[in-house]
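There are 2 protein chains.
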Amino acid sequence: MTSFAAWAKSAQERTEAALARCLPAASIAPERLHDAMRYVCLGGGKRIRPMLAFAAGAAVGAEVEKIEPAACAVELIHVYSLTHDDLPCMDDDDLRRGKPTCHVHYDEATALLVGDALQSLAFELLAAPGLYADAAVQVEMLHLLAHAAGSRGMCGGQAVDLASTGKQLELAELEFMHIHKTGALIRAAVLLGALAAGRLDAAARARLEHYSKCIGLAFQVMDDVLDAEASTATLGKTAGKDAAQGKATYLTLMSAKDARAYAQELVEDAVVAASHFGARGERLADIARFIVERSY
Amino acid sequence: MTSFAAWAKSAQERTEAALARCLPAASIAPERLHDAMRYVCLGGGKRIRPMLAFAAGAAVGAEVEKIEPAACAVELIHVYSLTHDDLPCMDDDDLRRGKPTCHVHYDEATALLVGDALQSLAFELLAAPGLYADAAVQVEMLHLLAHAAGSRGMCGGQAVDLASTGKQLELAELEFMHIHKTGALIRAAVLLGALAAGRLDAAARARLEHYSKCIGLAFQVMDDVLDAEASTATLGKTAGKDAAQGKATYLTLMSAKDARAYAQELVEDAVVAASHFGARGERLADIARFIVERSY
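Structural data, given as structure tokens:
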């Protein structure tokens, strides 16, 4: 078996290549819009969500070619949300993945349309006729992704985040926000990757749901720790911004040491859930461990 | 048979009621986001696209209950695009459907998230598991809507529109823009309405495609005429803005009289296409005629 590092690199490369194929060429009109869509999607990113899709698919025996469109669709939703998040009316950020953000490199109107068009493209990709043998499962996947992206998922989490800036949240409120803002899409990545194999039995689904919940929270806890501790150069995005903007983070509720311990505990829970899939669940466990060990 | 006015009113009321049901209640968290989503979607609008879906569905014998989610999904995409269009970085408009625009009534960040969440909701609604007996047709509907909304459809048309502001376009360029900016979603409304009945035969599909193309252009020609001639009070949105912003319109290429004649010609062509469906195509013909006769 290859090492996790080698597997992760190949998943990232596969995602990059698949995104490059599904995004319209920059030579197709409207050229500037397509160029900007490629700018934000290609050449970087941790690709955590696609990795989760590949790992969850592997856990239930899905073919990697079948997981690929699902992995890309989730990543397109993620990248669209980053593009809109960086806009002046939201986080007003200049740097993302080590490059100028879309509205800085192009302009605000283009960044707005890039996000809008990437969201459409995610659904277009996943709704390709004949992509999955069972069209009813394909409909379920589309429904799951749309719900995860919307006002009771990621968009809703962002709205709560906006409303809470400058306020002291309690742990339960902070977790409500994160379950929506990042948890919903992480759950979608895991479930879509697994559904690429076809229908899921209730036990497998419950394990994947639990795994997703644990790593979603662990990921956010570690994001807060890293935002406070790492440098802008390491992160590829502006560090220390959460605190500067008065945003509620885990570090306003607990020490960095306690936050790391909490993330560790969540990850151990996730590893147990992954172990029920036997050797095929190993990549899910690896990703969970990677989340607490990463430095960017 | 009821008059067109009565039919149109009932289609509008049906759309309003269905949207009110599918939008999350303003009492569900995040409350402000849900309140704003309802604000932009409910209580107005010509509902041309839902009417087209109902009329096209009627032309091929679809049940009205089956057309309803398709009609709403298209309208949600339309309303999201209006909400983003009105933002300061795009058209910077204060008035829409006779009310303050979303970013004026709420704030820019909320208007951004409202548009994003409405796009997700459109796909969530249309991807409801079991909504259509033939899941493969449902997947085709989702694919069609996503393509129409994206960078090779509506978003792409908006990008061309932005790039062309202050430039003199030729007729072919202007029509390229409109075929994407408004034509793509009008086509989606017609085809989705018809697909609510199940698979479409090639002849019916070709007629509906031709009908859509004609009324899409006629609608835009009349929009330009009305923008130049009608008052803000009649339109419910700021009149004369296109000329003030140096936007390319049909009236920069032809007189208002010639534009009206061109629209009339397109509509007659659409009426011929509708006539192939016999009495069941009557509402499609009515809508085509309404497009050239409307004053708002």
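Order-wise, the sequence lines are chains X and G.
Position in the first sequence (first residue = 1) + 2 = the working numbering.
Position in the second sequence (first residue = 1) + 2 = the working numbering.
From the three backbone atoms N, C-alpha and C, an ideal C-beta is built for every residue, glycine too.
Quantities reported herein were computed from a predicted structural model and do not represent experimental measurements.
Residue(s) in a DSSP beta bridge with residue i
i      : result
L97(G) : P102(G)
Unbroken alpha helix (DSSP H) run spanning residue i, endpoints
i       : result
A28(X)  : No alpha helix (DSSP H) holds A28(X); DSSP gives it neither H nor E.
C91(X)  : Premise fails: C91(X) is in no alpha helix (DSSP H) and is neither H nor E.
P71(G)  : 66–87
T17(G)  : 6–24
T254(G) : Looking at the DSSP string, T254(G) is not in any alpha helix (DSSP H), and its letter there is neither H nor E.
S122(X) : 110–128
Y343(G) : With chain G covering only 3 through 298, there is no way to say anything about residue 343(G).
G59(X)  : 50–61
R291(G) : 284–295
Q140(G) : 137–151
Supposed close pair residue i, residue j - CB separation, criterion 8 Å
i       : j       : result
L194(G) : V76(G)  : 6 Å
H182(G) : G158(G) : 5 Å
V269(G) : A250(G) : Rounded, the Cβ-Cβ distance is 22 Å, inconsistent with contact.
E231(X) : A258(X) : 7 Å
A61(G)  : S122(X) : That belief does not hold up - the Cβ atoms of A61(G) and S122(X) are roughly 27 Å apart, past 8 Å.
V141(G) : Q140(X) : 5 Å
L202(X) : A57(X)  : In fact, because the Cβ distance is near 15 Å, the residues do not count as touching under 8 Å.
A119(X) : S153(G) : 4 Å
H107(G) : Y41(G)  : 6 Å
A72(G)  : A206(G) : With a Cβ gap of about 16 Å, A72(G) and A206(G) do not count as contacting.
H145(G) : A130(X) : 6 Å
L127(G) : C74(G)  : 6 Å
F6(X)   : F279(X) : About 16 Å separates the two Cβ atoms, so there is no contact after all.
P102(G) : D96(G)  : 6 Å
Option in the options with minimal Cα separation from residue i
i       : options                            : result
T4(G)   : Q266(G), I188(G), A281(G)          : A281(G)
S83(G)  : T184(G), A138(G), S257(G)          : T184(G)
Y264(G) : M224(G), A275(G), S277(G)          : M224(G)
E65(G)  : Y134(G), A191(G), V141(G)          : Y134(G)
A138(X) : G200(X), H80(X), A186(X)           : G200(X)
A220(X) : E177(X), H107(X), A198(X), G248(X) : E177(X)
E67(X)  : C104(X), R154(X), A20(X)           : A20(X)
A55(X)  : V192(X), A124(X), L228(X)          : V192(X)
G324(G) : E295(G), G46(G), F292(G), A276(G)  : Past the boundaries of the shown model lies residue 324(G); chain G is included only from 3 to 298, so the question cannot be answered.
E175(G) : V162(G), G168(G), L187(G)          : V162(G)
I188(X) : E211(X), F6(X), L120(X), V42(X)    : E211(X)
D229(G) : R23(G), Q247(G), V274(G)           : Q247(G)
G90(X)  : T85(G), L114(G), I69(G)            : It is Pro, not Gly, that sits at residue 90(X) in the sequence shown. Closest option to P90(X), Cα to Cα, is L114(G).
A38(G)  : D109(G), D88(G), I217(G)           : D109(G)
I50(X)  : Q266(X), L164(X), H278(X), G218(X) : G218(X)
M143(X) : A124(X), P102(X), V81(X)           : A124(X)
A111(G) : A196(G), G100(G), D88(G)           : D88(G)
R296(G) : W9(G), L25(G), K48(G)              : K48(G)
L78(X)  : A31(X), E33(X), R23(X)             : R23(X)
E33(X)  : L164(G), D93(G), A208(G), F279(G)  : L164(G)
R99(X)  : A150(X), E70(X), G45(X)            : G45(X)
R209(X) : G283(X), K169(X), G168(X)          : G283(X)
E18(X)  : A8(X), E70(X), H36(X)              : E70(X)
A151(X) : G132(X), K169(X), A190(X), P26(X)  : A190(X)
P52(X)  : A31(X), T103(X), K11(X), H36(X)    : K11(X)
G155(G) : Q222(X), K169(X), M156(X), V116(X) : V116(X)
The ligand ATP heavy atom lying under 6 Å from the CB of residue i
i       : result
E211(X) : Looking for the ligand ATP in the displayed structure turns up nothing, as the structure carries no ligands at all.
Please give me, in chain order, every unbroken run of the alpha helix (DSSP H) with length at least 4 that falls completely inside the stretch 157–211 of chain G.
173–180, 186–197
- prompt: For the stretch 155–168 of chain G, which residues have a beta carbon sitting closer than 7 Å to at least one beta carbon of chain C?
  reply: Going by chain labels, chain C is absent from the structure shown, which instead holds the protein chains X and G.
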